[in-house]
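Chemist: First residue of the sequence shown: 222, per my numbering; consecutive thereafter.
Beta carbons: idealized from backbone N, C-alpha and C, even for Gly.
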Amino acid sequence: MRDALIFLAFACIIPFIFKRPVVGALAYAMFSLMNPHRLSYGTAYDFPFAMLLCVITLVSVALSREQKKIPPSPPVIMLGLLCLWMVTTFLFAQDPTRAMVVGDRVYKIMLMIFITVLTVRSKRDVQALALTVAISLGFWGFKGGFHTILSGGRSGVLGPADSFISDNNTIALALLVTVPVLVYQSSHARTKLGRWIAGGTTLLTVVATIGSYSRGALVGCVAMALFLWLKSTSKLKTGLAIALLAPVILLSMPEEWTGRMHSINNYEEDESAQGRLNAWEFAVNVANQFPLGGGPGIFSPDSFLKYAPNPETFHVAHSIYFQMLGEHGWFGLALFLAMHACTWRTGSRVIRHCENKPELAWASMLARMCQVSQIGYLVAGAFLTLAYYDLAYYVMAIVITLDKVLIRYPQDDDIPPLHLPFGKRKARRDTPKPPASTPAGI
């Protein structure tokens, strides 16, 4: 049944993609972030939905007569330079076989990020992109929050199988980064019911993040709560909400959770922490040995035997920064940091543009919440191997497209709503008919 529903939804969306390419970009984002096919048990589980959506969207872009513009903003330029550098490190990778596996997935993600920026043309498109991100991961936050409550916090939260966010640590970061986008949806939903649904999903997503038993996510939560308060337009209400909710959620967790969180202070005795330190030193050694880095997939048992301080203890990077350093060298890490810095500055540019413009209050808050998401990703990501996770790049795409449709190309705002790609719409009954032509001489 689930397989049939997923295939039906996939088939129904194709005509809309040929009507407007942005629909394909959003559909790809949903399949990539939410992984709905991983909820099935049959053919749909391994069906290449993302690849087909990528191909169909590219065909639609080629056939579409819409104006196609990628803004020359600093984050776009830095992302382009990073992609070019990653192609170079891929060509000179120390382990070409592993590099091929990693690179195939990464470059497809980067391509679709550029396609998303290219096809988003209006304010409505930007709002649809933010809503797509919120729904895709809000689903897992809603599900994980209920699971945590029903189990009394004794059963960890896991993400979709065979995905970027399958384990408890990675799903925790994904949910953490999504919370600010959900906060935006809860305050700018068009109906009261929508606000209630978004607000409830936000709360359950926070509960799921805590219930993941991820120590990195807890550190990210603290940092993000501070910036959420700083970026809020109503600091008193936000501060009270955080002050009231945080103790209730934390005190509701069982002793197993408390004991794991306290282990942060005993990192010298924690085998996992020591393994991460070993992986980080490995990344530094590889970057010093190879100016281009070791290439995608360098974190492997064979490479650890050559460059790790403790060659018998293998761990993945467990840090977005050391992952970039080990795979792409010091220059690649610098480009990665510069890209995020440029995204932050572009978000600040959007916020300044929206000052004293009540009609753009939604854009100002969305840009602020994207900055809060950035903080969550950059802090919690210091302990997770998610440098290529597409959620962070979709948050970046929201900021870029806000700058695009509000500042750089505001003439593209008035895009008509999407309608069925077949047949003509019937005229509304309340639409007045044009006056009959007056005969000459009267």
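#1: Between the Cα of residue 256 and those of 272, 239, 362 and 384, spot the shortest distance and give me the residue it belongs to.
#2: Output the distance between the C-alpha atoms of residue 564 and residue 557, rounded to the nearest integer angstrom.
#3: Beta-carbon separation of residue 330 and residue 523 under 9 Å?
#4: Where does residue 248 sit, in a helix, a strand or coil, going by DSSP?
#5: With a cut-off of 8 Å on the beta carbons, I'd call residue 541 and residue 602 a contact; round off their distance for me.
#6: Just to confirm before moving on: does the CB-CB distance between residue 278 and residue 336 stay below 9 Å?
#7: For residue 309, does the three-state DSSP call read helix, strand or coil?
#8: Taking the beta carbon of residue 289 as the centre, do at least 16 other beta carbons fall within 10 Å, making it buried, or is it exposed?
#9: Which runs of the alpha helix (DSSP H) spanning at least 4 residues fall entirely within the stretch 418 to 470, listed in chain order?
#10: Relative to the alpha-carbon of residue 369, which residue among 427, 497, 618 and 535 has its alpha-carbon at the smallest distance?
#11: If you draw a straight line from the alpha carbon of residue 604 to that of residue 284, how long is it in whole angstroms?
#12: What are the boundary residues of the alpha helix (DSSP H) that includes residue 345?
#13: For residue 639, I'd like the list of residues in its chain whose CB is within less than 8 Å of its CB, leaving aside the five on either flank, ordered along the chain.
#14: Note down the Cα distance separating residue 209 from residue 474, rounded to an integer number of angstroms.
#15: Could you say if the stretch 609 to 627 and the stretch 385 to 396 meet the contact criterion of at least three C-beta pairs nearer than 8 Å?
#16: Can you tell me whether residue 539 is helix, strand or coil according to DSSP?
#17: Assess, as a yes-or-no matter, whether the stretch 575 to 589 is touched by the stretch 541 to 550 under the definition of 3 or more beta carbon pairs within less than 8 Å.
#18: When you compare the CB positions of residue 226 and residue 249, do they come within less than 9 Å of one another, or not?
#19: Given this structure, state the Cα-to-Cα distance separating residue 357 from residue 401, to the nearest angstrom.
#20: Tell me whether residue 373 is buried or exposed, calling it buried when 16 or more other Cβ atoms sit within 10 Å of its Cβ.
#21: Quick check on residue 622: does DSSP put it in helix, strand or coil?
#22: To the nearest whole angstrom, what separates the beta carbons of residue 362 and residue 312, a pair I think is in contact under 8 Å?
#23: Give the DSSP-derived three-state secondary structure of residue 496 in the structure shown.
#24: I'd like the ranges of any alpha helix (DSSP H) spanning at least 4 consecutive residues and lying wholly in the stretch 548 to 580.
#25: Determine the DSSP secondary structure at residue 237, reduced to helix, strand or coil.
#26: Please list, in chain order, all residues of the same chain as residue 222 whose beta carbon is under 7 Å from its beta carbon, the five residues on each side excluded.
#27: Is the stretch 375 to 384 touching the stretch 438 to 455 in the sense that three or more CB pairs, one from each, lie closer than 8 Å?
#28: Put residue 290 into one of helix, strand or coil per three-state DSSP.
#29: Determine whether the beta carbon atoms of residue 251 and residue 353 lie at a separation below 9 Å.
#30: Please determine, among 297, 444, 553 and 421, the residue with the shortest C-alpha to C-alpha distance to residue 309.
#31: Can you tell me the Cβ-Cβ gap for residue 405 and residue 590, rounded? I've got them flagged as a contact below 8 Å.
#32: Measure from the alpha carbon of residue 595 to the alpha carbon of each residue in 622, 560 and 306, then state which is nearest.
#33: So, at 8 Å on beta carbons, what are the nonlocal neighbours of residue 390 in its own chain, with the 5 sequence-adjacent residues on each side left out?
#34: Alpha carbons only, please: which of 513, 578 and 448 is nearest the one belonging to residue 627?
#35: Does the distance from the C-beta atom of residue 597 to that of residue 445 stay below 9 Å?
#36: What is the residue span of the alpha helix (DSSP H) that residue 379 lies within?
Modeler: Reading off the structure:
#1: Here the question's residue 256 lines up with position 35 in the sequence shown. The residue among 272, 239, 362 and 384 with its C-alpha nearest the C-alpha of residue 256 is 384.
#2: For the purposes of this step, residue 564 is taken as the residue at position 343 of the sequence shown. For the purposes of this step, residue 557 is taken as the residue at position 336 of the sequence shown. In this structure, the alpha-carbon of residue 564 lies about 11 Å from that of residue 557.
#3: Indexing the sequence shown from 1 puts residue 330 at position 109. Indexing the sequence shown from 1 puts residue 523 at position 302. Cβ atoms of residue 330 and residue 523: not closer than 9 Å.
#4: Residue 248 sits at position 27 when you count from the first residue of the sequence shown. Correct three-state label for residue 248: helix.
#5: By 1-based counting over the sequence shown, the position of residue 541 is 320. By 1-based counting over the sequence shown, the position of residue 602 is 381. Their Cβ separation, rounded to whole angstroms, is 4 Å, which keeps residue 541 and residue 602 in contact under 8 Å.
#6: Taking the sequence shown and counting its residues from 1, the one referred to as residue 278 is at position 57. Taking the sequence shown and counting its residues from 1, the one referred to as residue 336 is at position 115. Going by beta carbons, residue 278 and residue 336 fall inside the 9 Å limit.
#7: Along the sequence shown, one-based indexing puts residue 309 at 88. Three-state result, residue 309: helix.
#8: Counting from one through the sequence shown, the residue named residue 289 turns up at place 68. Classification for residue 289: exposed.
#9: The qualifying runs are 436 to 452.
#10: The count along the sequence shown starts at 1 and reaches residue 369 at position 148. Each of 427, 497, 618 and 535 was checked against the Cα of residue 369, and the nearest Cα belongs to 427.
#11: In the sequence shown, residue 604 corresponds to position 383, counting from 1. In the sequence shown, residue 284 corresponds to position 63, counting from 1. Residue 604 and residue 284 have their C-alpha atoms spaced approximately 43 Å apart.
#12: Locating residue 345 in the sequence shown gives position 124, where the first residue counts as 1. In the DSSP assignment, residue 345 falls within the unbroken alpha helix (DSSP H) covering 344 to 371.
#13: Here residue 639 corresponds to residue number 418 of the sequence shown, with the count starting at 1. Note that residue 639 scores 48 on pLDDT, short of 50, meaning its location in the model is unreliable; the coordinates nonetheless yield the value given after this. Cβ-Cβ distances below 8 Å link residue 639 to 237, 240, 241 and 244 in the same chain, with the five nearest sequence neighbours on each side left out; the list follows chain order.
#14: Nothing about residue 209 can be reported from this structure: the residues present for the chain run from 222 to 663 only.
#15: In short, these stretches touch, since the Cβ pair count reaches three.
#16: Locating residue 539 in the sequence shown gives position 318, where the first residue counts as 1. In this structure, DSSP gives residue 539 a state outside helix and strand, which the three-state scheme calls coil.
#17: Touching, no, given that fewer than three Cβ pairs across the two stretches are closer than 8 Å.
#18: Against the sequence shown, residue 226 aligns to sequence position 5. Against the sequence shown, residue 249 aligns to sequence position 28. Not in contact: residue 226 and residue 249 (Cβ atoms no closer than 9 Å).
#19: Your numbering for residue 357 matches position 136 in the sequence shown. Your numbering for residue 401 matches position 180 in the sequence shown. Between residue 357 and residue 401, the C-alpha separation is close to 14 Å.
#20: Residue 373 sits at position 152 when you count from the first residue of the sequence shown. Answer is exposed; the Cβ neighbour count stays below 16.
#21: Your numbering for residue 622 matches position 401 in the sequence shown. The answer is helix: DSSP assigns residue 622 an H, G or I state.
#22: Here residue 362 refers to the residue found at position 141 of the sequence shown. Here residue 312 refers to the residue found at position 91 of the sequence shown. Not a contact, Cβ separation roughly 39 Å.
#23: Taking the sequence shown and counting its residues from 1, the one referred to as residue 496 is at position 275. For residue 496, the three-state secondary structure derived from DSSP is helix.
#24: Inside the stretch 548 to 580, DSSP marks no whole alpha helix (DSSP H) run of 4 or more residues.
#25: Here residue 237 corresponds to residue number 16 of the sequence shown, with the count starting at 1. In the three-state scheme derived from DSSP, where H, G and I count as helix and E and B as strand, residue 237 is classed as helix.
#26: Indexing the sequence shown from 1 puts residue 222 at position 1. Within the same chain, residue 222 has no close Cβ partners at all.
#27: Segments in contact, no.
#28: Within the sequence shown, residue 290 is the residue found at index 69, counting from 1. The three-state secondary structure of residue 290, taken from DSSP, is coil.
#29: As a first step, residue 251 must be located in the sequence shown, where it is residue number 30. As a first step, residue 353 must be located in the sequence shown, where it is residue number 132. The answer is yes: Cβ separation under 9 Å.
#30: For the purposes of this step, residue 309 is taken as residue 88 along the sequence shown, with counting starting at 1. Here the closest residue by C-alpha is 553.
#31: As a working mapping, residue 405 is identified with position 184 in the sequence shown. As a working mapping, residue 590 is identified with position 369 in the sequence shown. Cβ-Cβ separation between residue 405 and residue 590: approximately 4 Å, consistent with a contact (criterion under 8 Å).
#32: For this step, residue 595 is matched to residue 374 along the sequence shown. Out of 622, 560 and 306, the CA that lies nearest to the CA of residue 595 is found in 560.
#33: Looking up residue 390 in the sequence shown gives position 169. For residue 390, where only same-chain residues beyond five positions count, the Cβ hits under 8 Å are 433, 435, 437, 438, 604 and 605.
#34: Here residue 627 corresponds to residue number 406 of the sequence shown, with the count starting at 1. From the listed residues 513, 578 and 448, the smallest Cα separation to residue 627 is found for 578.
#35: Walking along the sequence shown from the start, residue 597 turns up at place 376. Walking along the sequence shown from the start, residue 445 turns up at place 224. Remark: C-beta atoms of residue 597 and residue 445 approach each other more closely than 9 Å.
#36: If you number the sequence shown from 1, residue 379 lands on position 158. Unbroken run through residue 379: none, as it is neither H nor E.
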